[in-house]
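Engineer: Top to bottom, those sequences are chains B and L.
Sequential numbering from 1 applies to the first sequence in the UniProt record's numbering.
Sequential numbering from 1 applies to the second sequence in the UniProt record's numbering.
Dropping a structure here in structure tokens format, bear with me for questions.
There are 2 protein chains.
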Amino acid sequence: MIEPEFKDGLLPVIVQDYETLEVLMFAYMNREAFDLTCSTGIAHYFSRSRGKLWKKGETSGHYQHVKEMRIDCDRDCLLILVEQDTGACHTGYRSCFYRTIEGDVVGEKTFEPADVYKN
Amino acid sequence: MIEPEFKDGLLPVIVQDYETLEVLMFAYMNREAFDLTCSTGIAHYFSRSRGKLWKKGETSGHYQHVKEMRIDCDRDCLLILVEQDTGACHTGYRSCFYRTIEGDVVGEKTFEPADVYKN
Chain B
1 MIEPEFKDGL LPVIVQDYET LEVLMFAYMN REAFDLTCST GIAHYFSRSR GKLWKKGETS
61 GHYQHVKEMR IDCDRDCLLI LVEQDTGACH TGYRSCFYRT IEGDVVGEKT FEPADVYKN
Chain L
1 MIEPEFKDGL LPVIVQDYET LEVLMFAYMN REAFDLTCST GIAHYFSRSR GKLWKKGETS
61 GHYQHVKEMR IDCDRDCLLI LVEQDTGACH TGYRSCFYRT IEGDVVGEKT FEPADVYKN
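Shown next, in the form of structure tokens:
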């Protein structure tokens with residue numbers, strides 16, 4: 001296996017749908033998240049804002065099933081191809097990149113956040 | 001236009017082929033690189049290792065012509081869809097993500113670095 005380089009303990013990760021090739025989201029893994037992703041096949045990340053490990057889908061149930069992992073030429077960025085349950089974005093869109101920079105909505109809404117995130 | 005958020009002066013950027021949807025590379029823009037990309041339609045980045053602005057293709061001639069820019073839900077990551085001249089990676093592959101984490105080569109080689117990078 002090619003060993004990724006964690007800069008300041010973190011590895012940037014691009015998440016892409018393995019069938020449609022839509023880019024779904026961008027996040028970071030620390031060593032623990034990377035190891036858990038490899039061992040379980042479910043994407044785990046490190047939340048910089050919350051300062052802790054984050055199993056994607058632990059609240060929403062929208063897990064990411066990892067089909068393939070690729071690493072870039074410098075070994076400091078990861079591309080993972082996943083099967084995404086329902087949607088990746090907390091706003092209800094399948095992809096976090098659902099808007100152009102001009103503000104046009106180009107993504108597909110796949111769930112209602114109010115139905116999923118209940119306190 | 002939706003204003004991106006530059007954390008510590010930098011914005012992570014995912015670069016995707018606008019036709020094949022192949023993820024080509026990952027880089028960072030500072031404010032100057034972002035503005036130049038918007039005004040010229042040619043991708044510019046900020047090289048963290050060299051500490052300076054970097055017009056992609058300035059040495060190789062392999063420019064990236066920006067077709068669309070998308071921003072994520074948090075406005076702190078950019079996805080740009082480009083027409084890539086020849087190849088994006090300095091190793092000669094079209095994409096920097098030409099290997100799986102297991103080390104299998106899955107990308108296409110599109111040029112010989114020795115022919116392109118001459119001192």
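Beta carbons: idealized from backbone N, C-alpha and C, even for Gly.
Quick check on DSSP: helix, strand or coil for B/Pro12?
Structural biologist: strand
Engineer: Establish whether the CB of B/Thr91 and some CB of chain L are separated by less than 8 Å.
Structural biologist: At least one chain L Cβ lies under 8 Å of B/Thr91.
Engineer: At a cut of 8 Å, does the stretch 99 to 106 of chain L reach the stretch 28 to 45 of chain L through at least three beta carbon pairs?
Structural biologist: no
Engineer: Would you mind reading off the limits of the beta strand (DSSP E) that contains B/Arg75?
Structural biologist: Premise fails: B/Arg75 is in no beta strand (DSSP E) and is neither H nor E.
Engineer: Check whether the Cβ atoms of B/Val13 and B/Ile80 lie closer than 8 Å to each other.
Structural biologist: yes
Engineer: Thinking just about the alpha-carbon of each residue, which of L/Asp85, L/Asn30, L/Arg31 is nearest to the one in L/Phe111?
Structural biologist: L/Asp85
Engineer: Please determine, among B/Phe6, B/Tyr63, B/Arg50, B/Ser95, the residue with the shortest C-alpha to C-alpha distance to B/Asp35.
Structural biologist: B/Phe6
Engineer: Determine whether the beta carbon atoms of B/Val82 and B/Tyr28 lie at a separation below 8 Å.
Structural biologist: no
Engineer: At a Cβ cut of 8 Å, what residues of the stretch 48 to 80 of chain B count as close to chain L, listed as they run along the chain?
Structural biologist: Glu68, Met69, Arg70, Ile71, Asp72, Cys73, Asp74, Cys77, Leu78, Leu79
Engineer: Assuming B/Ser47 is part of the beta strand (DSSP E), what are its boundary residues?
Structural biologist: 44 to 47
Engineer: Taking the alpha-carbon of B/Gly57 as reference, which of B/Met1, B/Val23, B/Thr37 has the nearest alpha-carbon?
Structural biologist: B/Thr37
Engineer: Just checking my contact of B/Phe26 with L/Cys77 at CB under 8 Å: how many whole Å lie between their CB atoms?
Structural biologist: 4 Å
Engineer: DSSP on L/Thr40, reduced to helix/strand/coil?
Structural biologist: helix
Engineer: At the level of alpha carbons, what is the spacing between L/Arg94 and B/Leu53?
Structural biologist: 33 Å
Engineer: Hey, how far is the Cα of B/Leu10 from the Cα of L/Pro113?
Structural biologist: 30 Å
Engineer: Could you check where the beta strand (DSSP E) with L/Val105 kicks off and where it finishes?
Structural biologist: No beta strand (DSSP E) contains L/Val105, which DSSP labels as neither H nor E.
Engineer: Can you give me the start and stop residues for the alpha helix (DSSP H) that B/Ala114 sits inside?
Structural biologist: Segment 113 to 116, the alpha helix (DSSP H) holding B/Ala114.
Engineer: Where does L/Arg50 fall in DSSP's three states?
Structural biologist: coil
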